[in-house]
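**Student:**
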Amino acid sequence: MTTNRSVPGPALEEEIANEISGLFKAISFDQPSFDNAGRSFDEPEMEEPHRAWVAPAHRVPIEILSIIFVDATLIDWRAPFVLGRVCRHWRHPVLQTPKAWSMIKLNLIKPGLHISTILARSEPFPIDLIIADSSDPHALALIPELQGRIKSMMVEFKSFYVPQHSFPQLTDLVLLVPHSISHEHPKAILDRNIFPNLQSLTCGAVLDAISGEIPPNIALPPIKRLALMTRKLDTTIKLLQRLSNQLFVLHIEIYGPIERHAFSEPLHVIFPQLNTLTIIPPSSFVYGPSFEWPFVARTPILESYVEKSLQFCNIHKDTWNVTRLAFSGGTDLRLFPKLRDVIGNSVTMTTLMDYLEMNPKALPDLKRVTFHRAKLFEDRLDRFNLKYGRNIVTNIVEMPISFLSPFSSYRLIDAERRENHGLKNLNDALLARDRKPATNTSALASKENMGDKIDPHKQPLPKSGHSLNESDEEPHRAWVAPINRIPTEILSMIFVEATLIEMLKPFTLGEVCRQWRQIILQTPEAWSTIRLHVLKPGLQFSTVIDRSDPFPIDIELCGLNGHLKLPLVPKIKHRIKKLMLDAKNIHILDHPFTQLTTLTVANLEGVISKEQAKLVLDQSILPNLHYLWCGTALDEIAGEIPPKAVLPPIQKLDLRMQRHTAVIKLLQRLSNQLIDLHIQISRPLEGYEVSEPVHLVFPHLNTLVITPPSANVSQSSYNCPFIARTPMLLTYVEDSRNFSNVHKDTRTVTRLAFVGGTDLNLFPNVQDVIGHLGTILTLMEYLESEPKGLPHLKRVTFPHSADLEDRLDSFNLTYGRNIVANIVEDRPSFFYPLVMRNRLERADLSLVEIFP
């Protein structure tokens with residue numbers, strides 16, 4: 000443009016106008032760039048207001064959302080349908096949370112596409128199935144379809160067919176018997192081949208239909224909780240004798256008319272692991288006061304006892320260790336010296352108060368009584384507490400005590416039928432509404448009909464019947480901090496889960512805000528999961544223990560400051576669930592530890608005496624000990640345990656074997672109850688050699704880990720001092736570079752870990768192999784020589800090795816196999832509990848101030 004300040008002449012006017020127009024066009028073309036540049040300067044100021052507009056539902060991490068979804072489904076099984084429709088950000092996590100989908104009540108879902116979608120989304124988690132209506136064909140059809148995934152099932156016995164295949168994951172079975180029994184094969188319920196993992200059985204009077212005796216050579220399921228009704232006492236007593244070593248809970252009800260039984264006198268049955276016993280005798284109006292209980296039970300660790308009878312009392316006499324009692328008639332309370340909790344009705348309270356007023360110092364451990372609201376008894380108990388300085392707490396319930404019999408199922412059936420009927424009508428209405436527009440659901444249905452494969456994670460969620468009207472609530476909720484909107488019950492569950500992941504979470508969570516601080520202080524389960532060994536003795540230690548009451552706790556007394564915590568153990572011994580201590584401190588086991596289930600004795604220093612070592616095998620001291628890791632602590636005294644001594648109910652044992660003859664005697668005593676055995680075999684001490692291998696039978700052993708001694712130069716073979724028969728063995732670990740196939744009974748093994756060479760022909764059913772590079776090299780050489788060998792093998796776990804990974808891929812491609820490689824960064828350690836060096840060398844941590 001000209002720079003002359005004089006007025007342009009007519010010749011330049013057109014040129015100047017065109018130039019100005021071009022400049023305006025250039026400015027308008029560059030305007031977006033100017034705007035973007037201006038916004039870039041304002042971004043630091045605008046970022047925070049923008050973050051404030053992010054919806055609270057999008058701020059919660061996916062891991063926490065998954066926990067919330069699972070807990071919400073525990074409260075209401077329809078939660079996944081509702082949560083998936085909140086927003087796009089919640090839809091994806093709920094579709095990727097199979098545990099939540101596995102909790103949906105399938106019998107209340109409309110048959111068809113939705114059932115298959117839910118089943119696909121819930122894989123691989125097991126499911127629960129309740130069929131309250133035997134006339135519902137689609138619900139009954141789910142049994143054979145889901146036979147391999149059902150974990151818990153409730154069904155009417157008359158509709159329960161004789162299965163052709165096993166239920167491998169079924170642990171809980173409830174058979175409803177509202178009508179007469181007419182079934183041909185009730186023995187199938189007691190067949191371990193059909194129910195290999197059945198632990199809880201509630202069967203009513205089903206077993207009375209068994210004609211003849213149960214063959215003694217048939218293996219029974221590993222039933223731990225049994226509830227039954229009977230009038231055929233012969234069959235029932237013989238069954239209880241066979242199950243006596245494994246039962247934890249027994250509920251038995253005798254109804255009439257009772258068939259004559261062949262036993263002239265009551266039989267004696269020992270239940271070494273029974274924790275809870277419920278007895279309901281027949282009515283005295285039918286049998287009179289002369290009725291005698293058909294068997295006498297020995298229950299050395301019984302804690303809970305229920306006796307529902309208005310006519311008979313003290314049917315069961317071995318109640319010395321009972322701490323929780325429920326009864327409906329009169330009873331002799333002198334047989335319950337350790338009682339802490341009483342549950343009952345007005346007759347119960349009358350009997351209890353009469354006894355206490357006559358013997359004010361009786362039942363010194365009694366802490367609580369639970370009964371239906373009755374002002375008379377409340378005042379009477381208050382006066383007793385005030386007069387004698389007792390502190391017995393009343394737990395008042397609004398409804399009469401029903402004793403919760405497993406056989407009170409008729410109301411459950413009616414309720415399920417009503418809910419089933421209502422929800423199916425609701426589903427019909429919702430599906431009809433969904434069909435009006437041409438939605439993706441109809442398209443998916445057409446794809447299903449055409450045989451196309453459907454991705455369950457991309458299907459639309461079934462619509463629920465919930466409609467939320469938040470027009471009035473949302474403006475108010477917008478002013479409530481998102482962190483305070485989560486319900487207290489859900490927060491408590493999250494706090495417990497968070498503490499399991501990181502042990503110091505309660506201290507962190509309590510500092511977030513005032514609301515969370517109050518909730519975490521009222522969540523004792525979260526405080527009970529803190530590893531107390533990282534706390535220094537003193538105020539912090541006692542504060543955490545008080546906040547965790549009454550939940551059980553874990554304590555380690557090894558390390559630098561372990562001995563400083565010993566004086567606190569007698570005060571909290573009734574709450575210790577897991578205990579780890581050095582052998583020199585084993586003398587603290589001088590009084591019963593009633594809740595102790597796991598004990599680890601570390602032989603770090605000092606010599607343990609025989610008398611102290613015997614405390615570990617004293618059932619009166621450790622009545623509920625299930626897991627014992629003891630090194631050589633039992634080596635000296637294993638052969639000196641009296642034959643009639645009652646041992647703790649040990650199920651998992653880890654020990655080191657030097658005195659072979661003595662330890663083998665102990666294994667013989669424990670063989671019927673062990674499910675997990677880790678044994679490290681050392682060279683036998685002089686005088687304890689075994690001339691010939693001893694044969695042992697472990698009927699319930701599931702996991703076996705063997706470490707034979709190291710080989711001398713001249714040795715090429717090794718003979719184990721015992722030969723084990725393990726019909727139920729699933730996991731086998733052999734940690735030896737010198738010897739292989741120490742244990743031979745391995746045809747049932749599905750999970751194998753080994754170090755050196757081994758004969759894989761002994762493992763025809765193996766599905767999972769774990770090991771080092773030498774392990775996988777042995778495996779690949781075997782597979783390449785026998786391409787059809789190990790047909791069930793699905794996965795191998797080993798450290799990273801490009802050569803072996805390529806070799807496995809080439810084998811899969813050549814022979815059409817699908818063996819997956821699970822690559823780990825570190826070498827598999829076989830996880831020996833005896834190797835505790837890292838834990839014991841860790842210095843004690845010091846926590847900062849614990850908020851009061």
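The numbering of the sequence shown is numbering that gives the first Met the number 0, which starts it at 0 and goes up by one. Ideal Cβ positions, reconstructed from N, Cα and C, are used throughout, including at glycine. Given the structure is predicted, the values throughout are model-derived calculations rather than measurements.
Per DSSP, residue 679 is paired with what?
**Tutor:** Paired residues: 655, 706.
**Student:** List the endpoints of the continuous beta strand (DSSP E) containing residue 144.
**Tutor:** Looking at the DSSP string, residue 144 is not in any beta strand (DSSP E); the run it does join, the alpha helix (DSSP H), is 141-144.
**Student:** Grouping DSSP H, G and I as helix and E and B as strand, with all else coil, what is residue 296?
**Tutor:** Looking at residue 296 - three-state DSSP - the assignment turns out to be strand.
**Student:** Less than 9 Å between the C-beta atoms of residue 726 and residue 744, yes or no?
**Tutor:** Yes, the Cβ-Cβ distance between residue 726 and residue 744 is below 9 Å.
**Student:** Report the option in 593, 352, 213 whose CA atom is closest to the CA atom of residue 322.
**Tutor:** When each option's Cα is compared against that of residue 322, the closest is 593.
**Student:** Looking only at C-alpha atoms, which of 576, 568, 270, 577 sits nearest to residue 584?
**Tutor:** Ranking 576, 568, 270, 577 by Cα distance to residue 584 puts 568 first.
**Student:** Hey, would you say residue 914 sits closer than 9 Å to residue 363, going by beta carbons?
**Tutor:** Absent from the structure is residue 914, since the part of the chain shown begins at 0 and ends at 851.
**Student:** How would you call residue 589, buried or exposed, if buried means at least 16 neighbouring beta carbons within 10 angstroms?
**Tutor:** Residue 589 is exposed by the Cβ-count criterion.
**Student:** In the DSSP assignment, find the unbroken beta strand (DSSP E) run with residue 553 in it and report its ends.
**Tutor:** Residues 552-555.
**Student:** Roughly how many angstroms separate the alpha carbons of residue 92 and residue 144, rounded to a whole number?
**Tutor:** Residue 92 and residue 144: Cα-Cα distance of roughly 27 Å.
**Student:** Determine the DSSP secondary structure at residue 267, reduced to helix, strand or coil.
**Tutor:** If DSSP states are grouped into helix, strand and coil, residue 267 belongs with the strands.
**Student:** Output yes or no for whether 9 Å exceeds the beta carbon distance between residue 198 and residue 171.
**Tutor:** It is a contact, given that the beta carbons lie within the stated cut-off.
**Student:** Under 8 Å: do the region 756-766 and the region 800-812 share three or more Cβ pairs, one atom per stretch?
**Tutor:** No, the region 756-766 is not in contact with the region 800-812.
**Student:** For residue 699, which three-state DSSP category applies?
**Tutor:** Three-state DSSP puts residue 699 in coil, outside helix and strand.
**Student:** Does residue 140 pass the burial test, meaning 16 or more other C-beta atoms within 10 Å, or should it be called exposed?
**Tutor:** Counting Cβ neighbours within 10 Å, residue 140 comes out exposed, since fewer than 16 surround it.
**Student:** Can you give the beta carbon distance from residue 795 to residue 775, rounded, assuming they're within the 8 Å contact cut?
**Tutor:** With 8 Å as the limit, residue 795 and residue 775 qualify as a contact, their Cβ atoms being about 6 Å apart.
**Student:** Threshold first: 3 residues or longer. Then list the beta strand (DSSP E) segments lying entirely within the region 328-395, N to C.
**Tutor:** Listed in chain order, they are 340-343, 367-371.
**Student:** Please identify the residue among 631, 574, 546 whose C-alpha is closest to the C-alpha of residue 582.
**Tutor:** With distances taken between Cα atoms, residue 582 lies closest to 631.
**Student:** Residue 820 bridges to which residues according to DSSP?
**Tutor:** 795.
**Student:** Starting from the C-beta of residue 713, find all residues in its chain whose C-beta is less than 7 Å away, skip the five residues before and the five after it, and write them out in chain order.
**Tutor:** With a pLDDT of only 41 at residue 713, under 50, the local geometry of the prediction cannot be trusted, and the value read off the model is given with reservation. Nothing listed; no residue qualifies.
**Student:** Do you know offhand how far residue 349's Cα is from residue 168's?
**Tutor:** C-alpha separation (whole angstroms): 46 Å.
**Student:** Closest to residue 528 by CA distance: which of 492, 517, 772 is it?
**Tutor:** Nearest option by C-alpha distance: 492.
**Student:** Can the beta-carbon of residue 99 be found closer than 9 Å to that of residue 65?
**Tutor:** Against a cut-off of 9 Å, the Cβ pair of residue 65 and residue 99 comes out as a contact.
**Student:** Let's test the definition: count the other Cβ atoms within 10 Å of the Cβ of residue 86 and tell me whether it reaches 16, buried, or not, exposed.
**Tutor:** By the 10 Å Cβ count, residue 86 comes out exposed.
**Student:** At the level of alpha carbons, what is the spacing between residue 551 and residue 577?
**Tutor:** Whole-angstrom Cα-Cα distance: 8 Å.
**Student:** Could you check which residue in 252, 231, 299 has the C-alpha nearest to that of residue 269?
**Tutor:** When only C-alpha atoms are compared, the closest one is 299.
**Student:** By the three-class DSSP mapping on this structure, what secondary structure does residue 15 have?
**Tutor:** Correct three-state label for residue 15: helix.
**Student:** Beta-carbon within less than 8 Å of residue 689's beta-carbon, same chain only, minus the 5 sequence neighbours each way: which residues are those?
**Tutor:** Once the five neighbours on either side are set aside, the close Cβ partners of residue 689 are 659, 660, 663, 683, 720, 721.
**Student:** Can you tell me which residues form a DSSP beta bridge with residue 324?
**Tutor:** Answer by DSSP bridge pairing, in chain order: 304, 341.
**Student:** Are the beta-carbon atoms of residue 627 and residue 652 separated by less than 9 Å?
**Tutor:** Going by C-beta atoms, residue 627 is nearer than 9 Å to residue 652.
**Student:** Which of the three DSSP states is assigned to residue 581 in this structure?
**Tutor:** Correct three-state label for residue 581: strand.
**Student:** So, are the CB atoms of residue 625 and residue 591 less than 9 Å apart?
**Tutor:** It is not a contact, given that the beta carbons lie outside the stated cut-off.
**Student:** Is residue 628 helix, strand or coil by DSSP?
**Tutor:** Residue state, collapsed to three classes: strand.
**Student:** Residues in the same chain with beta-carbon distance under 6 Å from residue 267, minus the five sequence neighbours each way, listed in chain order, please.
**Tutor:** Excluding positions up to five away in sequence, the list reads 295.
**Student:** When DSSP labels each residue in this structure, what does residue 727 get in the three-state scheme?
**Tutor:** Residue 727: coil per DSSP, three-state reduction.
**Student:** DSSP state of residue 151, grouped into three classes?
**Tutor:** Three-state DSSP puts residue 151 in a strand.
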